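Its first residue numbered 419, the sequence shown is counted upward by one per residue in the working numbering.
All residues carry an ideal CB built from backbone N, CA and C; glycine is no exception.
Source: prediction; values computed, not measured.
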Amino acid sequence: MQTTDALLARITIDARILAGKPTIRGLRISVQQILKALAAGQTQNDLIQEYPELEPEDFQGVLLYAADVVGEQRVYRLSA
419 MQTTDALLAR
429 ITIDARILAG
439 KPTIRGLRIS
449 VQQILKALAA
459 GQTQNDLIQE
469 YPELEPEDFQ
479 GVLLYAADVV
489 GEQRVYRLSA
């Protein structure tokens with residue numbers, strides 16, 4: 419099993435690829451694309467068949483990345 423850092427390292431951001439969206443290992447497969455597919459009911463196996471370059475650890479990296487992004491969000495109450 420890979421460490422958290424190794425899994426997160428699978429998520430790359432490069433301004434030259436998909437306009438800088440987070441992607442999996444520099445491939446033209448975005449984190450958003452995978453999350454939406456999983457939310458729509460596709461399974462990891464479905465996605466690996468559709469994108470054979472994906473590896474099981476990529477899905478772990480996607481989920482960890484999403485959790486980190488959500489964890490960094492802050493909500494502030496504004497009074498009128």
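Could you tell me the distance, in whole angstroms, from the CA atom of residue i to the CA atom of residue j?
| i | j | result |
| --- | --- | --- |
| Ala484 | Pro474 | 16 Å |
| Leu453 | Val487 | 13 Å |
| Thr461 | Glu468 | 11 Å |
| Arg428 | Thr422 | 10 Å |
| Ile466 | Leu456 | 12 Å |
| Pro501 | Tyr494 | In the structure as shown, the chain starts at 419 and stops at 498, and residue 501 therefore has no counterpart that could be examined. |
| Leu426 | Asp464 | 22 Å |
Run the CB neighbour count on residue i, radius 10 Å, all protein chains shown included, and call it buried at 16 or more, exposed below.
| i | result |
| --- | --- |
| Arg434 | exposed |
| Leu496 | exposed |
| Ile447 | buried |
| Gly459 | exposed |
So who's on the other strand from residue i, going by DSSP bridges?
| i | result |
| --- | --- |
| Thr430 | Thr441 |
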